[in-house]
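Asks: Using our numbering, you'd call the opening residue of the sequence shown number 256 and step up by one each time.
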Amino acid sequence: MVQIHDKSFGPYISADEIRQKVQELANQINKEYEGKELIFISILNGSFMFAADLMKCITIPCEISFVKVSSYQGTNTSGRVDELIGLNTTIDHKHIIILEDIVDTGITMNKIFNYLSSFEPASLKIASLLYKPDAFEGKHKPDLVGFSIPNAFVIGYGLDYNEHGRNYDAIYKLIEN
Ligand code: IMP
256 MVQIHDKSFG PYISADEIRQ KVQELANQIN KEYEGKELIF ISILNGSFMF
306 AADLMKCITI PCEISFVKVS SYQGTNTSGR VDELIGLNTT IDHKHIIILE
356 DIVDTGITMN KIFNYLSSFE PASLKIASLL YKPDAFEGKH KPDLVGFSIP
406 NAFVIGYGLD YNEHGRNYDA IYKLIEN
């Protein structure tokens, strides 16, 4: 069990399960994007660990760029997203995969997707380690999903509760009292 601030979290997805799933996602990408100009766009902060582990399993030529949006505090999505900061590469006519830690309501992804599609990439797909289909009300479902999970709050492997808990190599679920 993990204690962060005022909340307790129990084990949910192990480091081994994550490792295996990340390898599977990478295998799929290696196959689908062979011979294409591929750029990963990793959404900070949450996806840093997913992006790093996934990249180690990518065997085809690719670039990665890290961008930042701000919008999320506590255990509820505010639905507010500011500009994407840090896109320091040209993405027009390239094949883009957005890397996210989690797609919850999908509101953040709507804005990221719309922003990036305005640059007219050759293709634009979303890879999200976690996806909450019951909470989803967005327009762009992730194309590649590690784990579909119920509508619960999780931390670890990059995901935070008020900025803590990102450091764990496994995913933990909020224990509701
Ligand atoms: P959405 O706009 O509701 O899809 O939320 C997107 C962002 O909310 C994610 O990138 C996360 O930063 C955050 N988020 C959503 N659910 C969780 C969770 O269960 N744990 C930690 N962060 C979450």
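Ideal Cβ positions, reconstructed from N, Cα and C, are used throughout, including at glycine.
Buried or exposed for S297, going by 16 or more other Cβ atoms inside 10 Å?
Replies: On the sequence shown, residue 297 is found 42 positions in, with the first residue counted as 1. With 16 or more Cβ atoms within 10 Å of its Cβ, S297 is classed as buried.
Asks: Do D389 and ligand 1 come close, with the Cβ less than 6 Å from some heavy atom?
Replies: Position 134 of the sequence shown holds residue 389. Every heavy atom of ligand 1 is 6 Å or more from the Cβ of D389, so no.
Asks: Closer than 6 Å by C-beta to S378: which residues in its own chain qualify, once you throw out the five before and the five after it? Chain order, please.
Replies: As a working mapping, residue 378 is identified with position 123 in the sequence shown. These residues qualify, in order along the chain: H350.
Asks: Kindly indicate the opening and closing residues of the beta strand (DSSP E) around V400.
Replies: The residue given as residue 400 occupies position 145 in the sequence shown. Run containing V400: L399 to S403, per the beta strand (DSSP E) assignment.
Asks: To the nearest angstrom, how far is the alpha carbon of K262 from that of L414?
Replies: On the sequence shown, residue 262 is found 7 positions in, with the first residue counted as 1. On the sequence shown, residue 414 is found 159 positions in, with the first residue counted as 1. When rounded, the distance between both Cα atoms is 15 Å.
Asks: DSSP three-state label for K276, please.
Replies: Residue numbering aside, residue 276 sits at position 21 when the sequence shown is read from its first letter. K276 falls in the helix class under three-state DSSP.
Asks: Is it the case that the CB of L445 approaches a heavy atom of ligand 1 more closely than 6 Å?
Replies: The structure shown does not extend to residue 445, since the chain is modelled only from 256 to 432, so the question has no answer here.
Asks: How many Å lie between K428 and T344 at the Cα?
Replies: As a first step, residue 428 is located in the sequence shown; it is residue number 173 there, counting from the start. As a first step, residue 344 is located in the sequence shown; it is residue number 89 there, counting from the start. Those two C-alpha atoms are separated by around 36 Å.
Asks: Can you list, in chain order, the stretches of the beta strand (DSSP E) that have 3 or more residues and sit fully within the stretch 358 to 407?
Replies: The qualifying runs are 378 to 386 and 399 to 403.
Asks: For P397 and L309, what's the separation of their Cα atoms in angstroms?
Replies: The sequence position of residue 397 within the sequence shown is 142, counting from 1. The sequence position of residue 309 within the sequence shown is 54, counting from 1. Computed Cα separation, rounded: 16 Å.
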